[in-house]
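Asks: Got a structure for you, written out below as structure tokens; questions coming shortly.
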Amino acid sequence: MSNTKIIAEDNQIWGRISMDPEYIISLKRLIEKVAYEDKDYMLEVLTRWENNDFSNAVEEHNYFWKKLGGTIGKATSVKE
Numbered sequence: 060m061s062n063t064k065i066i067a068e069d070n071q072i073w074g075r076i077s078m079d080p081e082y083i084i085s086l087k088r089l090i091e092k093v094a095y096e097d098k099d100y101m102l103e104v105l106t107r108w109e110n111n112d113f114s115n116a117v118e119e120h121n122y123f124w125k126k127l128g129g130t131i132g133k134a135t136s137v138k139e
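Structure (structure tokens):
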């Protein structure tokens with residue numbers, strides 16, 4: 060989802076999911092039910108996004124990008 064908010068160092072972004080409120084709420088409900096190691100962080104990020112706070116989108120994107128084994132598309136800045 061953060062792919063819609065960031066600029067990648069190599070200008071390559073794979074996939075874009077709209078950050079609509081309903082989708083964010085459904086993700087929060089799913090994450091609340093699962094014992095992820097970083098569950099609290101994921102919920103904090105989604106709460107920020109739900110409140111249209113993308114001030115940390117680069118760091119948040121790169122956190123998940125790294126966890127998913129990202130090799131291209133590392134975020135460098137937030138889109139204006």
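Taking our numbering, the leading residue of the sequence shown gets 60, the next gets one more, and so forth. Think of the CB as a built atom: it goes at the ideal place given N, C-alpha and C, for glycine as much as any other residue. Owing to the predicted nature of the structure, the values given are computational and were not obtained by experimental measurement.
(1) At the level of alpha carbons, what is the spacing between THR106 and ASP99?
(2) Rounded to whole angstroms, what's the CA-CA distance from MET60 to MET78? Just pull it up for me.
(3) Comparing alpha-carbon positions, which option in ILE76, ALA134 and ARG88 lies nearest GLU118?
(4) Ends of the alpha helix (DSSP H) at THR135?
(5) Per DSSP, ALA67 is paired with what?
(6) So what does DSSP say about SER50, is it helix, strand or coil?
(7) What would DSSP say about GLU109, mapped onto helix, strand or coil?
(8) Go through its chain and collect everything with a Cβ distance to MET101's Cβ below 6 Å, but skip five positions before and after it.
Replies: Here's the rundown:
(1) Approximately 11 Å between the Cα atoms of the pair.
(2) For MET60, the pLDDT reaches just 48, beneath the cut-off of 50, and the residue's location in the model is therefore unreliable, although a value from the coordinates is still provided. Going from the Cα of MET60 to the Cα of MET78 covers about 6 Å.
(3) ALA134
(4) Counting along the chain, THR135 falls outside any alpha helix (DSSP H), though it belongs to the beta strand (DSSP E) covering 134-137.
(5) ALA134
(6) There is simply no residue 50 to check, as the chain begins at 60 and stops at 139 in what is shown.
(7) helix
(8) ILE90
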